[in-house]
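Participant: Got a structure for you, written out below as structure tokens; questions coming shortly.
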Amino acid sequence: MTELARQSKAASRSLAKLTTAEKNACLLAMAEALERGGGSIKEANARDMAAGAQSGLSTAMLDRLKLDDKRIAGMAKGLRDVAALPDPVGRILDSRTRPNGLKLQKISTPIGVVVIIYESRPNVTADAASLCFKSGNATILRGGKEAIHSNQAIASVMLTAAKQQFPNFPEHAIQVVQTTEREAIKELLALTQYVDLCMPRGGEGLIRAVAENSRVPVIKHYKGVCHVYVDGEADLKMAEEIALNAKCQRPGVCNAMETLLVDKAIAPVFLPAIGQKLTEQRVELRVDEASRNILKSKLPNLKIAEEEDWYAEYLDLILAVRVVDGVKEAIDHINHYGSAHSDSIVTRDEKHAQQFLAEVDSATVYWNASTRFTDGGEFGMGAEIGISTDKIGARGPMGLEELTTYKWIGIGNGQVRT
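In terms of the working numbering, the numbers along the sequence shown are unbroken and rise by one, the last being 418.
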């Protein structure tokens, strides 16, 4: 692990010297190579799929693991999309001239060495490597043991293509951890002299384990307990469409709604309508007493929500439902039980909306829109490295700009401080 990290640090210094044109040419070569090398990637993936089936991986996990022509083409498209994005390195973020004539500029720079720890989906290998490379960072990739052969094959194809395109390409710019031993990660994340940042992608258990054991700074996304609050002044047809989309369009992702909050002023009208439609979509409702009293005549077999339901990230067709007394109580509920991911208010009252937007302490807050938009692609960032629920540094969907830091450059003509 020490040698791996040392090699990455050296590569990061070489990467920082590449021009935008050189980086883009390498990315386009990598994309073409992924499509040409699909056979070797699928062969490696077949080994992982066979081992996964033998070890008892679920159907859903096997689906996430599988690489076919369509998914390989998707990886290649992701690399081309990243190549088309503006280079985040070298931007002038601030510029000023002091009274003594000293010129100061704040310039965006790569972070250095970024460790990405992720589970299951081998396409993350291409996404993470391309984003780190375009932003001038060396990356160390540690996927799940179930995808080890797939991850190695993808990285190998990308590196070979980059070297052919650009002979001076630093060979250790993209590295895959070759061992699946857990102790290796603890060793790697103790190497603060070489590693600058760790970003874990996966379940809450993985992220907590990384955060608790790392001496390297970690950008975290524990879970997505996302809310939609339907205000007393909401357009109820719009509210129905937003709630159904936020819960049912893809329930197993972090930006799906997990709790529906409804203003008591419109709950007797709105809850029966949305409750029926959610039930038709096979959504299990876990409701508070006020909601049950409204719904029990139409939906008699409702489950009463327990305290842990308000904290739950179900990632399934399960929804907690609560009646609240106005926007302030909705805000208080979200700030207490939420995970600072994505929350939305549906209302025609601008004052209520502005209060919600200002006071809900989450990475992304919406007015009259589904929480499902919290995504790098939907935000126009191209591929996404992850979604941060931290408050220091990057927050929300993380693209190229979030993979940079900055430094100050001072240009003088002999100034000394008095």
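Here a beta-carbon is modelled for each residue, glycine too, at the ideal position from N, C-alpha and C.
Give the DSSP-derived three-state secondary structure of H341 in the structure shown.
Facilitator: For the purposes of this step, residue 341 is identified with residue 341 of the sequence shown, where counting begins at 1. In the three-state DSSP reduction, H341 falls in the coil class, being neither helix nor strand.
Participant: Comparing C-alpha positions only, which one of L317, N255, A234 sits nearest to G326?
Facilitator: Locating residue 326 in the sequence shown gives position 326, where the first residue counts as 1. G326 has its Cα closest to that of A234, out of L317, N255, A234.
Participant: Opposite Q420 in the DSSP bridges: which residues?
Facilitator: As displayed, the chain neither begins before 1 nor continues past 418, which places residue 420 out of reach and without an answer.
Participant: How about V157 and S40: do their beta carbons lie closer than 8 Å?
Facilitator: Your numbering for residue 157 matches position 157 in the sequence shown. Your numbering for residue 40 matches position 40 in the sequence shown. Their beta carbons are under 8 Å apart, which means V157 touches S40 by this criterion.
Participant: Tell me, please, whether the region 99-109 touches the region 169-188 by the rule of three or more beta-carbon pairs shorter than 8 Å.
Facilitator: no
Participant: Quick one: residues in its chain with C-beta nearer than 7 Å to the C-beta of F166, no 5 flanking neighbours on either side, listed in chain order?
Facilitator: Locating residue 166 in the sequence shown gives position 166, counting from the first residue. Around F166: E22, A25, C26.
Participant: Could you tell me which residues DSSP puts in a beta bridge with C198?
Facilitator: In the sequence shown, residue 198 corresponds to position 198, counting from 1. DSSP output for C198 lists V115, V218 as bridge partner(s).
Participant: Quick one: what's got a C-beta closer than 6 Å to Q152's C-beta in the same chain, skipping five residues either side?
Facilitator: Counting from one through the sequence shown, the residue named residue 152 turns up at place 152. Here the set comprises V176.
Participant: Taking all protein chains shown into account, decide if K328 is buried (16 or more other Cβ within 10 angstroms of its Cβ) or exposed.
Facilitator: Counted from its first residue, the sequence shown places residue 328 at position 328. Under this definition K328 is an exposed residue.
Participant: Report the CB separation of T371 from A243 in whole angstroms; it is logged as a contact under 8 Å.
Facilitator: The sequence position of residue 371 within the sequence shown is 371, counting from 1. The sequence position of residue 243 within the sequence shown is 243, counting from 1. Actually they are not in contact, since the Cβ atoms of T371 and A243 sit about 10 Å apart, beyond 8 Å.
Participant: Would you kindly report the start and end of the unbroken beta strand (DSSP E) that includes V323?
Facilitator: One-based indexing of the sequence shown puts residue 323 at position 323. 318-324 is the span of the beta strand (DSSP E), which, as asked, contains V323.
Participant: Tell me which same chain residues have a C-beta within less than 7 Å of the C-beta of L28, skipping the five on either side of it?
Facilitator: Taking the sequence shown and counting its residues from 1, the one referred to as residue 28 is at position 28. R80, A83, listed in sequence order.
Participant: When we look at the beta-carbon of E307 and count the other beta-carbons within 10 Å, is it buried (16 or more) or exposed?
Facilitator: Your numbering for residue 307 matches position 307 in the sequence shown. Result: exposed.
Participant: Classify S55: buried if its beta carbon has 16 or more other beta carbons within 10 angstroms, exposed otherwise.
Facilitator: The residue labelled residue 55 in the question sits at position 55 within the sequence shown. Exposed, because fewer than 16 other Cβ atoms sit within 10 Å of the Cβ of S55.
Participant: Using the rule of at least 16 other Cβ atoms within 10 Å of the residue's Cβ for burial, across every protein chain shown, is F101 buried or exposed?
Facilitator: In the sequence shown, residue 101 corresponds to position 101, counting from 1. Reading off the sequence shown, one finds Gly at residue 101, where the question assumed Phe. G101 comes out exposed.
Participant: My output table needs one value for E284: the three-state DSSP class, helix, strand or coil.
Facilitator: Counted from its first residue, the sequence shown places residue 284 at position 284. E284: strand per DSSP, three-state reduction.
Participant: Going by DSSP, what residue range makes up the alpha helix (DSSP H) through S156?
Facilitator: Mapped onto the sequence shown, residue 156 falls at position 156. Here the alpha helix (DSSP H) through S156 covers 148-165.
Participant: State yes or no: is the C-beta of D343 within less than 8 Å of the C-beta of C226?
Facilitator: Taking the sequence shown and counting its residues from 1, the one referred to as residue 343 is at position 343. Taking the sequence shown and counting its residues from 1, the one referred to as residue 226 is at position 226. Against a cut-off of 8 Å, the Cβ pair of C226 and D343 comes out as a contact.
Participant: Determine, using beta-carbon pairs with one atom in the region 383-394 and one in the region 113-128, whether at least three such pairs fall under 8 Å.
Facilitator: Flag = yes, the region 383-394 and the region 113-128 touch.
Participant: Of the residues S135, Y222, G399, E241, which one's Cα is nearest the Cα of P110?
Facilitator: Here residue 110 refers to the residue found at position 110 of the sequence shown. With distances taken between Cα atoms, P110 lies closest to S135.
Participant: Anyone know if the C-beta pair for D316 and A305 falls short of 8 Å?
Facilitator: Against the sequence shown, residue 316 aligns to sequence position 316. Against the sequence shown, residue 305 aligns to sequence position 305. No, these two residues do not count as a Cβ contact at 8 Å.
Participant: Report the option in H172, E43, V89 whose CA atom is closest to the CA atom of A147.
Facilitator: The residue labelled residue 147 in the question sits at position 147 within the sequence shown. Closest option to A147, Cα to Cα, is E43.
Participant: May I ask you to report which of helix, strand or coil DSSP gives C254?
Facilitator: Numbered from its first residue, the sequence shown carries residue 254 at position 254. C254: coil per DSSP, three-state reduction.
Participant: Report the residue from L236, K303, H336 whose alpha carbon sits nearest the alpha carbon of V321.
Facilitator: Translated into the one-based positions of the sequence shown, residue 321 becomes position 321. Checking every option, the nearest Cα to that of V321 belongs to K303.
Participant: At the level of alpha carbons, what is the spacing between K220 and T418?
Facilitator: Residue mapping note: residue 220 aligns to position 220 of the sequence shown, counting from 1. Residue mapping note: residue 418 aligns to position 418 of the sequence shown, counting from 1. Roughly 44 Å separates the two Cα atoms.
Participant: Quick one: residues in its chain with C-beta nearer than 8 Å to the C-beta of E32, no 5 flanking neighbours on either side, listed in chain order?
Facilitator: Position 32 of the sequence shown holds residue 32. Result list for E32: A76, A161, in chain order.
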